[in-house]
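Notes follow the structure.
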């Protein structure tokens with residue numbers, strides 16, 4: 054299996070940001086290799102954290118368009134549709150990032 058990049062919104066680097074995806078300070082980018090191991094490969098600052106512009110989801114998407122998956126606590130209905138139209142896979146989870154990544158890997162192995 055080739056590597057897969059996963060974007061996770063966070064403010065503290067430990068937990069998934071509990072509010073809307075585009076309001077997080079950073080996007081942590083993880084890479085999954087061989088379907089088993091994940092590692093943090095990049096921290097991206099979200100310049101749209103405090104903005105309310107129309108189609109904000111697409112601006113945030115531009116930050117993470119090299120990722121195949123987003124693990125997030127919350128994305129608006131229109132944002133979900135826009136991201137899925139662009140081929141992004143979404144996994145909704147709250148709490149600890151590492152637990153969420155492990156849960157996503159388990160779900161992936163069950164597919």
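Residue numbers (the numbering used here): 54 to 164. Ideal Cβ positions, reconstructed from N, Cα and C, are used throughout, including at glycine. Quick caveat: nothing in here was measured; it's all calculated off a predicted structure.
Could you compute how far the alpha carbon of residue i sits from the alpha carbon of residue j?
i: residue 134; j: residue 148; result: 24 Å
i: residue 101; j: residue 113; result: 7 Å
i: residue 144; j: residue 122; result: 7 Å
i: residue 72; j: residue 103; result: 13 Å
i: residue 141; j: residue 65; result: 24 Å
i: residue 50; j: residue 128; result: With the chain covering only 54 through 164, there is no way to say anything about residue 50.
i: residue 132; j: residue 110; result: 5 Å
i: residue 93; j: residue 85; result: 9 Å
i: residue 160; j: residue 139; result: 22 Å
i: residue 55; j: residue 89; result: 11 Å
i: residue 105; j: residue 137; result: 21 Å
i: residue 63; j: residue 126; result: 10 Å
Between residue i and residue j, is the Cβ-Cβ spacing less than 8 Å?
i: residue 69; j: residue 150; result: yes
i: residue 59; j: residue 83; result: yes
i: residue 91; j: residue 61; result: no
i: residue 153; j: residue 124; result: yes
i: residue 116; j: residue 97; result: yes
Is it buried or exposed, residue i, if we count other Cβ atoms within 10 angstroms and call 16 or more buried?
i: residue 79; result: buried
i: residue 99; result: buried
Based on the DSSP secondary-structure assignment, which residues constitute the bridge partners of residue i?
i: residue 80; result: 62 and 97
i: residue 73; result: 127
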